[in-house]
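Enquirer: Numbering (my numbering), first residue to last: 33 to 333. Here it is, the structure, as structure tokens.
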Amino acid sequence: MEQLGSPPAQELFRAGFLSAVIGLRLADGREVVVKVRPASPRLAACVEVQRRVFQAGYPCPRPLTGAVPLGGDVATAEAYVPGGAVLPSPQHAAVANAEAFAWLIRSAPRPDEVPTLDPPPSWAAWNHGGDGLWPRPEDPDVDLDEGAGAEWIDDAGRRARDRLRAGESDAVLGHCDWLAGNLRWSGDELLVVHDWDSVVAESEAVLAGFAAALYSTVNADELATVEDTHRFLVAYGRARGRELTAGELRRAWAAGVWTRAYDAKYQHAVGRPVTSLSENEARERLRHAGAGPRWPRKSEG
Numbered sequence: 033m034e035q036l037g038s039p040p041a042q043e044l045f046r047a048g049f050l051s052a053v054i055g056l057r058l059a060d061g062r063e064v065v066v067k068v069r070p071a072s073p074r075l076a077a078c079v080e081v082q083r084r085v086f087q088a089g090y091p092c093p094r095p096l097t098g099a100v101p102l103g104g105d106v107a108t109a110e111a112y113v114p115g116g117a118v119l120p121s122p123q124h125a126a127v128a129n130a131e132a133f134a135w136l137i138r139s140a141p142r143p144d145e146v147p148t149l150d151p152p153p154s155w156a157a158w159n160h161g162g163d164g165l166w167p168r169p170e171d172p173d174v175d176l177d178e179g180a181g182a183e184w185i186d187d188a189g190r191r192a193r194d195r196l197r198a199g200e201s202d203a204v205l206g207h208c209d210w211l212a213g214n215l216r217w218s219g220d221e222l223l224v225v226h227d228w229d230s231v232v233a234e235s236e237a238v239l240a241g242f243a244a245a246l247y248s249t250v251n252a253d254e255l256a257t258v259e260d261t262h263r264f265l266v267a268y269g270r271a272r273g274r275e276l277t278a279g280e281l282r283r284a285w286a287a288g289v290w291t292r293a294y295d296a297k298y299q300h301a302v303g304r305p306v307t308s309l310s311e312n313e314a315r316e317r318l319r320h321a322g323a324g325p326r327w328p329r330k331s332e333g
């Protein structure tokens, strides 16, 4: 009543992993989504970016509140945007995703126009200030720098991080979790982008690299192949009006290795099958990043 002017009348759905995401029909007939998660200073900026890109005409849910304290957590509310397909058509997936991402970069405000977005989500925190290679996951019970095994993941992450640290450019605002589950399509047209807690300030090449490595083409459960990532980066250059330079391409490929290696390391640490990255794919992606690994091919022993 205080924030939305009407009490909830019906729960439509409940979901979420790091947050509780609850769809509600209010007594006045409006359908909204309420998201509850642990408090963080960056959430106010995330809502502000979402509000600004919505006002710019970008397809995202309209924010209905700011970041509001709720017990020990923070809640936000936005308009519910139902429907849409999880993927565009496979033959147009790379171009559709790249154009949608370039549209977002154009629509977003400058980083200095919003409050701080630090710290970024862990899977994007390649330049975190901790002592170890990996940032602390959102799951406080997991330490990715402890435990042995899958040394190739650590090596891939380290090489990707070192490549990223070797280059630098001005930050822009963009989405660092460009997964199929956060997107909905009407044919090959973008219908809506969800999960605006994943807004970060980063270089354009790094943001494009995250998206190019995380989007899906034929199956929402399968991330981009090396060839898919290449097609995305070519299409992204066309969509923004100029090709990515050689240096931007190396950083984009390195960013994709970082975020996929982070997920692979988390999967290994909690005893799940490692599906986000394979050793051979890490080797190939690092080659494109100009940061090829030293570990031997399996056929060489």
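Ideal Cβ placement from N, Cα and C applies to all residues, glycine included.
How many angstroms separate the CA atom of Val238 from the CA atom of Thr108?
Expert: Each residue's alpha carbon lies about 28 Å from the other.
Enquirer: Val106 to Ala71, Cα distance in whole Å?
Expert: When rounded, the distance between both Cα atoms is 5 Å.
Enquirer: Taking the alpha-carbon positions, what's the Gly288 to Gly89 distance?
Expert: Straight-line Cα distance between these residues: approximately 28 Å.
Enquirer: Under DSSP, the alpha helix (DSSP H) around Val232 begins and ends at which residues?
Expert: Looking at the DSSP string, Val232 is not in any alpha helix (DSSP H); the run it does join, the beta strand (DSSP E), is Val231 to Ser235.
Enquirer: Have a look at the DSSP bridge pairing and note the partners of Ala107.
Expert: Its beta-bridge partners are Val68 and Val100.
Enquirer: Take the Cβ of Asn312 as the centre, count every other Cβ of all protein chains shown within 10 Å, and call the residue buried at 16 or more, exposed below.
Expert: Asn312 is exposed by the Cβ-count criterion.
Enquirer: Where Ser248 and Leu96 are concerned, what is the direct C-alpha to C-alpha distance, given to the nearest angstrom?
Expert: Cα to Cα, Ser248 sits roughly 30 Å from Leu96.
Enquirer: CA-CA distance, His262 and Ala244?
Expert: Looking at the two C-alpha atoms, the distance is approximately 8 Å.
Enquirer: Quick check: what's the CA-CA separation for Asp202 versus Asp60?
Expert: Spanning the two alpha carbons is a distance of roughly 45 Å.
Enquirer: Starting from the Cα of Glu63, find the closest Cα among Ala182, Pro114, Ala293 and Pro141 and give me that residue.
Expert: Checking every option, the nearest Cα to that of Glu63 belongs to Pro114.
Enquirer: Starting from the C-beta of Cys78, find all residues in its chain whose C-beta is less than 6 Å away, skip the five residues before and the five after it, and write them out in chain order.
Expert: Excluding positions up to five away in sequence, the list reads Trp228, Asp229 and Val231.
Enquirer: Assuming Val81 contacts Pro141 under a Cβ cut-off of 8 Å, what Cβ separation, rounded to an integer in Å, is found between them?
Expert: Right, their Cβ atoms sit about 7 Å apart.
Enquirer: Which residue wins for smallest C-alpha separation from Ile54, given the options Arg191, Ala111 and Gly199?
Expert: Closest by alpha carbon: Ala111.
Enquirer: How would you write the range of the beta strand (DSSP E) that His207 sits in, first residue to last?
Expert: Counting along the chain, the beta strand (DSSP E) containing His207 begins and ends at Ala203 to His207.
Enquirer: If I measure Cβ to Cβ from Ser331 and keep anything under 7 Å in the same chain, skipping five residues before and after, which residues do I get?
Expert: Below a pLDDT of 50, predicted positions are generally treated as unreliable, and Ser331, at 38, falls in that range; no measurement from the model is reported.
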